[in-house]
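Following the UniProt record's numbering, the numbering of the sequence shown begins with 1 at its first residue and continues without gaps.
The beta-carbon is built from N, C-alpha and C at its ideal position, and this holds for glycine as well.
One structure is given below, encoded as structure tokens.
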Amino acid sequence: MYDYQLHNTYTAQVADGIEDLARTELEELGATDCACGFRYVHFKASARALYRIVYRARLISRVLAPLARFACPADQDLYNAGMAIRWTDFLTADQTFAIFANVSKSAIGHSQYAGLKLKDAVADWFRDHTGIRPSVDPRDPDLWLHLHIHEDVGTISLDVSGGSMHRRGYRVQSVEAPMNETVAAAIIRMSGWDGKSPLIDPLCGSGTILCEAFMHATNLPAGLLRRKFGFNRLPDFNPRLWDLELAAETTVELEADLRGSDIDPVAVEATRTNMSRLPGGDEVIVGRRDFFERTDMTGTTIICNPPYGIRLGKSEDMAPWFKMFGDHLKKQCSGSTAYVYFGDRAWLKCIGLKPEWKKPLKNGGLDGRLAKFVLY
1 MYDYQLHNTY TAQVADGIED LARTELEELG ATDCACGFRY VHFKASARAL
51 YRIVYRARLI SRVLAPLARF ACPADQDLYN AGMAIRWTDF LTADQTFAIF
101 ANVSKSAIGH SQYAGLKLKD AVADWFRDHT GIRPSVDPRD PDLWLHLHIH
151 EDVGTISLDV SGGSMHRRGY RVQSVEAPMN ETVAAAIIRM SGWDGKSPLI
201 DPLCGSGTIL CEAFMHATNL PAGLLRRKFG FNRLPDFNPR LWDLELAAET
251 TVELEADLRG SDIDPVAVEA TRTNMSRLPG GDEVIVGRRD FFERTDMTGT
301 TIICNPPYGI RLGKSEDMAP WFKMFGDHLK KQCSGSTAYV YFGDRAWLKC
351 IGLKPEWKKP LKNGGLDGRL AKFVLY
């Protein structure tokens with residue numbers, strides 16, 4: 001038996017700063033015995049709950065099923081561990097695989113080298129047992145494997161999500177500096193928005209926040225548009241349970257007045273196109289509007305990701321723009337609550353408003369901040 005079968009334990013990889021949110025989501029989807037660490041949550045789940053988590057979770061990047069844990073003081077130990085797994089349980093020789101590796105505080109000093117060593121073991125195992133070496137496809141493999149080595153203890157896992165779960169499938173058009181989908185979902189979650197009251201994104205870009213808000217409000221599964229998963233590679237995959245999960249209708253009609261706008265017509269078109277990928281998404285009203293001309297944002301929830309010079313590769317001083325932005329919120333948005341994501345936290349001090357709270361939230365490697373402003 002493999003490690004996940006012996007202990008019924010899986011690992012969810014999550015973005016830095018949202019571990020507790022992800023734990024709550026996992027528990028809502030049927031996980032038990034959740035334990036958070038830095039950028040991960042360990043949990044237990046039944047087979048159907050595992051399929052549900054991979055299909056529906058919005059805040060998780062990947063879900064890993066550990067196959068083997070082993071002492072790994074040298075590269076030969078890694079190779080031996082790879083050779084000890086019966087790889088035809090997961091893959092045929094004519095299919096492709098890929099490995100993403102992470103190594104820290106270990107005798108094996110480089111993640112890339114460790115990944116190559118495990119790749120050699122998988123290929124050699126197939127050569128010895130089938131006479132054929134499978135190919136590596138780092139972009140769209142049939143099987144994703146994960147290798148983690150920390151303090152000379154290794155874990156080889158199968159990625160049961162089948163690739164990063166932030167790739168929802170709705171983003172077919174984008175503009176500069178799109179927000180990561182799981183980060184947008186985390187912002188919706190942090191805001192506490194109920195999915196029924198009005199919500200506006202007046203700086204919508206390619207519409208990621210709007211798409212995630214729509215999926216949240218209608219309870220659309222985050223994996224609805226994904227064409228493949230990884231859990232069906234498990235030797236004990238149960239297609240009947242997966243069919244039951246797919247047949248469990250949980251979506252609801254949109255009740256909220258959900259709107260978006262942007263001054264850039266290319267962004268507006270991108271948002272409309274992306275929204276149309278979601279069933280019912282074309283109900284969301286998206287138009288070309290200048291934020292500073294909008295006077296209809298009172299008594300609502302505002303969630304937005306303003307532009308910021310560093311991410312867009314521009315050198316101009318954005319401070320005057322953020323001062324105008326804060327002034328407009330204060331003067332034209334009374335009775336509203338605004339949740340503003342600052343990809344460059346330096347601009348937070350330029351807005352001229354005191355946040356009720358601010359929370360660290362990384363997006364694409366940027367150490368950003370999400371701030372809540374109650375507007376009177």
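Asked, Found
"Identity of the residue in K372, Y2, T271 nearest V340 by Cα", "K372"
"Cβ-based neighbour list, Q173, same chain, cut-off 8 Å, excluding 5 preceding and 5 following", "S206, E269, A270, T273, N274"
"Where L246 falls, given that 16 or more other Cβ within 10 Å makes a residue buried", "exposed"
"At least 3 beta-carbon pairs within less than 8 Å: the stretch 223-230 vs the stretch 151-163", "yes"
"Nearest to A45 (by Cα), restricted to the options Q112, Y4, A217", "Y4"
"Unbroken alpha helix (DSSP H) run spanning Q5, endpoints", "3-7"
"With 16 other Cβ atoms within 10 Å as the buried cut-off, status of N363", "buried"
"Chain-order list of residues whose beta-carbon lies under 7 Å from that of Y51 (same chain, five-residue window excluded)", "F231, L241, W242, E245"
"Own chain residues within Cβ distance below 7 Å of Y10, not counting five before or after", "Y4, F43, A45, L50, V63, L64, A65"
"Cβ of T182 within 7 Å of any chain C Cβ", "Absent here is chain C; the protein component of the structure consists of one chain."
"Under 7 Å between C-beta atoms of D201 and C304", "yes"
"Pairwise C-alpha distance: F291 and M318", "16 Å"
"Separation of I209 from residue 377, as counted between CA atoms", "For residue 377 there is no data in the structure shown, the boundaries of the chain being 1 and 376."
"Expected contact under 8 Å - CB spacing of F97 and L29 to nearest Å", "In fact, because the Cβ distance is near 28 Å, the residues do not count as touching under 8 Å."
"R127 versus S106: straight-line alpha-carbon distance, rounded", "29 Å"
"Test item: CB-CB of P355 and L203 under 7 Å", "no"
"Which of helix, strand or coil DSSP assigns to G223", "coil"
"Assigned secondary structure, H148 (DSSP; H/G/I helix, E/B strand, else coil)", "strand"
"Reduced DSSP secondary structure (H/G/I, E/B, other) of P235", "coil"
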